[in-house]
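Beneath this line is the structure, given in structure tokens, with notes to follow.
There are 2 protein chains.
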Amino acid sequence: MALARVHNFSISLDGFGTGEPQSLESPFGHAGERLHEWMFATRYWDDDGQSGMDAVYASRHDVGFGAEIMGANKFGPPGWQDDPDWRGWWGDDPPFHTPTYVLTHRPRPSVEMEGGTTFHFLDASPADALATAMEAAGGLDVRLGGGASMIRDFVRAGLVDHMHVVQVPIVLGRGVRLWDGLDALEERFDIEAVSSPSGVTHLTMTRKHAP
Amino acid sequence: MALARVHNFSISLDGFGTGEPQSLESPFGHAGERLHEWMFATRYWDDDGQSGMDAVYASRHDVGFGAEIMGANKFGPPGWQDDPDWRGWWGDDPPFHTPTYVLTHRPRPSVEMEGGTTFHFLDASPADALATAMEAAGGLDVRLGGGASMIRDFVRAGLVDHMHVVQVPIVLGRGVRLWDGLDALEERFDIEAVSSPSGVTHLTMTRKHAP
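Protein chains in written order, with the numbering used here: chain A, 9 to 219; chain B, 9 to 219.
Following this line, the structure appears as structure tokens:
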């Protein structure tokens with residue numbers, strides 16, 4: 009059965025998936041690149057990077073997916089909907105290589121990029137978006153790409169099977185929190201914590217199934 | 009040099025050191041005992057408990073201290089100040105065995121308990137309370153006993169040398185947060201994360217010293 013999975017979603021110790029304010033120059037606000045340095049240091053990101061635990065976790069981001077769904081705030085800085093030429097942060101060949109659904113209340117025509125990524129724009133509920141992406145994924149899994157508020161919405165709707173969250177040892181103090189509204193998550197997910205020699209802690213949430 | 013140290017302070021994944029509402033029947037509110045089960049399972053708490061990593065960390069709570077300071081919310085349930093007979097949660101022989109300073113805006117006469125614990129009641133700033141406790145500790149360290157808001161006050165005042173926080177894989181959603189107002193803690197502390205086979209993650213913050 010195909011799954012809906014979150015990978016490489018980084019948060020601070022105090023649970024923020026991004027700092028603020030987010031902008032074209034600072035996609036993660038005052039967090040800068042600090043939430044993702046653990047990943048940049050791996051071979052997943054950089055040919056000269058390390059191949060240890062962080063690289064193993066990071067590489068799962070690319071395995072077994074037939075589609076991605078992302079929130080509007082991942083696709084561009086605030087106001088990207090007003091720029092008809094905005095095609096995401098990732099250049100001509102985005103790292104998705106599948107149909108990629110951008111949730112927005114202002115849909116626009118699909119955009120075919122290089123490398124197999126096609127951006128589709130959906131004004132849909134989490135359940136409807138997932139059904140659409142699952143059909144496009146052709147039996148493979150669907151990546152839930154973030155940001156924090158999008159992941160929260162999908163968890164609350166009971167649509168997430170597997171969630172990999174990376175806790176980085178910094179305290180941001182402000183931004184968008186992952187945990188808000190996810191009370192008692194442990195009743196619905198088995199939660200495993202594994203600290204890495206790099207200093208981050210990999211949290212893996214696996215949906216519990218009825219016995 | 010004597011240090012001010014926090015030990016065995018448990019928080020949820022979303023950073024709450026207690027649930028709510030706190031009461032005589034439920035000192036940690038809706039969190040119940042879940043924040044501390046990791047400790048109850050160790051030999052530190054229970055003669056039949058386990059002796060692994062969690063026990064090693066937990067036992068540090070009792071080593072090298074000459075005094076404790078705690079916040080009013082640790083000493084009793086809301087309103088304990090109105091009960092002249094309230095002597096804490098811990099029975100006749102509290103587990104402190106040293107002078108123990110309770111911060112409160114309504115001080116009362118000191119109370120000598122069994123086993124070496126004497127409760128003193130102080131209406132003082134964090135710095136003044138620490139100076140008083142350091143003097144009483146006679147060259148040993150001072151334990152900062154919590155709760156969350158008391159620890160935050162001491163961190164913000166630059167008075168904490170060493171802080172052991174135990175992150176438990178539950179999401180509480182409400183209560184008192186440890187991290188609020190501690191932005192950029194990583195600039196002042198080296199932060200080490202070590203996950204335990206029990207499922208909790210031990211965070212050790214060590215104050216950075218000027219080179």
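Cβ atoms here follow ideal geometry from the backbone N, Cα and C, with glycine treated the same way.
Can you name the residues of chain A whose CB is closer than 7 Å to the CB of residue i?
i	result
ASP191(B)	VAL179, LEU180, GLY181
Interface residues of chain B around residue i at Cβ under 7 Å?
i	result
ASP22(A)	GLY23, TRP187
Measure the CB-CB distance between residue i and residue j and report whether it falls below 8 Å.
i	j	result
ILE178(B)	ARG95(B)	no
VAL174(B)	TRP46(B)	yes
ARG160(B)	GLY183(B)	no
LEU193(B)	GLY25(B)	no
ALA39(A)	LEU180(A)	yes
MET78(A)	ASP100(A)	no
ARG151(A)	HIS44(A)	no
LEU111(B)	ALA137(B)	yes
PRO102(A)	GLY123(A)	yes
SER18(A)	VAL176(A)	yes
HIS172(A)	TYR65(A)	yes
ALA49(A)	GLY37(A)	no
ALA201(A)	THR209(B)	yes
PRO85(A)	GLN30(A)	yes
LYS82(A)	GLY27(A)	no
GLY72(A)	ASP191(A)	no
HIS105(B)	ASP131(B)	no
PRO117(A)	PHE162(A)	no
PHE129(B)	PRO115(B)	yes
ALA12(A)	GLY147(A)	no
GLY23(B)	ASP22(A)	yes
ASP90(B)	SER204(B)	no
According to DSSP, is residue i part of a helix, a strand, or is it coil?
i	result
PHE162(B)	helix
LEU36(A)	The amino acid occupying residue 36(A) in the given sequence is Phe; Leu does not appear at that position. Of the three classes helix, strand and coil, the one that applies to PHE36(A) here is coil, per DSSP.
MET171(A)	strand
ASP191(B)	coil
VAL64(B)	helix
GLU200(A)	strand
ALA132(B)	coil
SER18(A)	strand
LEU186(A)	coil
LEU43(A)	coil
ALA12(B)	strand
LEU138(B)	helix
Within the present structure, is the beta-carbon of residue i separated from the nearest heavy atom of the ligand NAD by less than 7 Å?
i	result
THR108(B)	Of the ligands one can find in the structure shown there are none, so the ligand NAD has no counterpart to examine.
**Message:** If the cut-off is 7 Å on Cβ atoms, which residues from the segment 165-178 of chain A count as contacting chain B, listed in chain order?
**Reply:** PRO177, ILE178
**Prompt:** Mind listing which residues of the segment 195-208 of chain A have their C-beta closer than 7 Å to chain B's C-betas, in chain order?
**Reply:** ILE199, ALA201, VAL202, SER203, GLY207
**Message:** Which complete beta strand (DSSP E) runs does the segment 70-130 of chain B hold, if anything under 3 residues is left out?
**Reply:** 73-78, 107-111, 126-130
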